[in-house]
Structures are given as C-alpha cells and as structure tokens.
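Presented below is the structure to which this report refers.
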Amino acid sequence: MKLFRVALVCVLFGLLAGCQTAKKQHIVEKDSASTLVTPGEDAIEETTEGKASEEDIAKAIKDEPIPATRIPEDSHFIAPAEISEEMAQIFKNIPFDFDSYAIQPNARPILNTIGKYLLENAEVIVMIEGHCDERGTREYNLVLGEQRALSVRRFLVSLGVASDRLYTVSYGKDKPLDTASNEDAWAKNRRAEFKIAK
22 MKLFRVALVC VLFGLLAGCQ TAKKQHIVEK DSASTLVTPG EDAIEETTEG
72 KASEEDIAKA IKDEPIPATR IPEDSHFIAP AEISEEMAQI FKNIPFDFDS
122 YAIQPNARPI LNTIGKYLLE NAEVIVMIEG HCDERGTREY NLVLGEQRAL
172 SVRRFLVSLG VASDRLYTVS YGKDKPLDTA SNEDAWAKNR RAEFKIAK
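See the structure below:
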C-alpha cells in the first residue's frame, strides 16, 4: 500500500511537471512568434500623421487583399519627373530584395513622404508599377512584380490613402532600368515605380 502511494505521488508529480513544461513551451512559442521579424517589420520610433505605426506596418506586409479599382478608360499616367522636379523627389522608386516583395526598412521613409503628399493632395491618383530583374521566367516575374506593387499599395493604404486612388500593374522583367546582367543592374531593376494620372 505504501509503495502504491509513493508510485501515485510520483505519477502526480510527473503529470504536474508535464503540464508546467507544456505551459512554458506554449509561452516560449508565443513569445517567439511575437518577436519574429521578417523583412520590413522592424519598429518605427514614433507615429505621427503620414507615418506608419508598427501595427500599420504589420497590416501592410500581410497579404490582405484590398479591393481592386478599375482604371478609368480616359486615364493617362506620366512619370513624376515630367510634372516637376519636386514630384520626382517625392515619388522615388521603392527597392526590393531578390525574390521578395517585402517592404524594406530603407523604403519606409520614401513611402511615408509619398503617403503624406497623397493625404495632403487628395486629387492625385497614382499608378504603382511592379518591376523585376531579368532572372526567372516571364510568368513568375509578372506575378512577383504585381506582389511588389500590391505591397506598396497596402502600405500607402495603411497610412490612410484611399485605395481607389492607387492602381497597380506589373511589368515583370519587361521594362528594366538597366539592361546589364550584374548585381548592380538587378538591384536597380527590382523596384516599384510611380506614375501620376494627368
């Protein structure tokens, strides 16, 4: 009988230890998930108008669909530089890493500036073009280019810009900025580019 009680106590301790271990493991997994940083997820120091908060960034880098808007048939889009030097300075190209459509940390200040401008100029309508480097198939790069354009669109929407002012198109690898076959050229060609409705 005494041996039975000892065995029972050992079993109970074993079960309690198992539950505690499972609980700790769950907490560790939760903490790991909450601190997991993917490209384009690091924190922004402060949130002001025209800047994305951490929550906004998290939304922007998710693949959450934003309803597409039909482009009016009479629309004509031109490069910002054709409008003014100021527009060219605001609407700079957004760079991307190889085989990625995540918004890079160095692109956020550019997007914050663009978002601020669009919030202050509600009449401006923008086409966001997604581009890729020459590597990969044409079909793959058309999809990747669209994902890049959509990532930029989601980020701007997270800043408060109305989604019906932001159109997207992918050119894949069909419109390179630099036709050389090297790392520098590929880095230039992996981009989202802006055109403004005239």
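Just so we're on the same page, the numbering used here is the position in the sequence shown counted from 1, plus 21.
Backbone N, C-alpha and C fix where the C-beta goes; we use that ideal spot for every residue, glycine too.
Here the structure is a predicted model, which means the values were calculated and not measured.
Beta-carbon proximity list for residue i, same chain, < 7 Å, skipping 5 on both sides
i, result
"Ala128", "Ile115 and Pro116"
"Ile131", "Lys113 and Ile115"
"Ser96", "Ala218"
Close-in-space but distant-in-sequence residues of the same chain around residue i (CB under 6 Å, 5 per side omitted)
i, result
"Val173", "Ile115, Ile149 and Ala213"
"Ala206", "Asp199"
Assigned secondary structure, residue i (DSSP; H/G/I helix, E/B strand, else coil)
i, result
"Ile149", "strand"
"Tyr138", "helix"
"Ser184", "helix"
"Pro197", "coil"
"Tyr192", "strand"
"Ile131", "helix"
"Glu155", "coil"
Test: residue i CB closer than 8 Å to a CB of chain B
i, result
"Asp205", "No chain B appears in the structure shown, which is made up of a single protein chain."
Where the alpha helix (DSSP H) containing residue i begins and where it ends
i, result
"Leu171", "Arg159 to Ser179"
"Ile111", "Glu106 to Ile111"
Status (buried if at least 16 other CB within 10 Å, exposed otherwise) for residue i
i, result
"Val141", "The sequence given here places Glu at residue 141; Val does not occur at that position. When all chains shown are included, Glu141 counts as exposed."
"Arg159", "exposed"
"Asp154", "buried"
"Leu135", "For the record, residue 135 in the displayed sequence is Ile; it is not Leu. Buried: at least 16 other Cβ atoms inside 10 Å."
Residue i - containing beta strand (DSSP E), residue span
i, result
"Ala206", "Looking at the DSSP string, Ala206 is not in any beta strand (DSSP E); the run it does join, the alpha helix (DSSP H), is Glu204 to Asn210."
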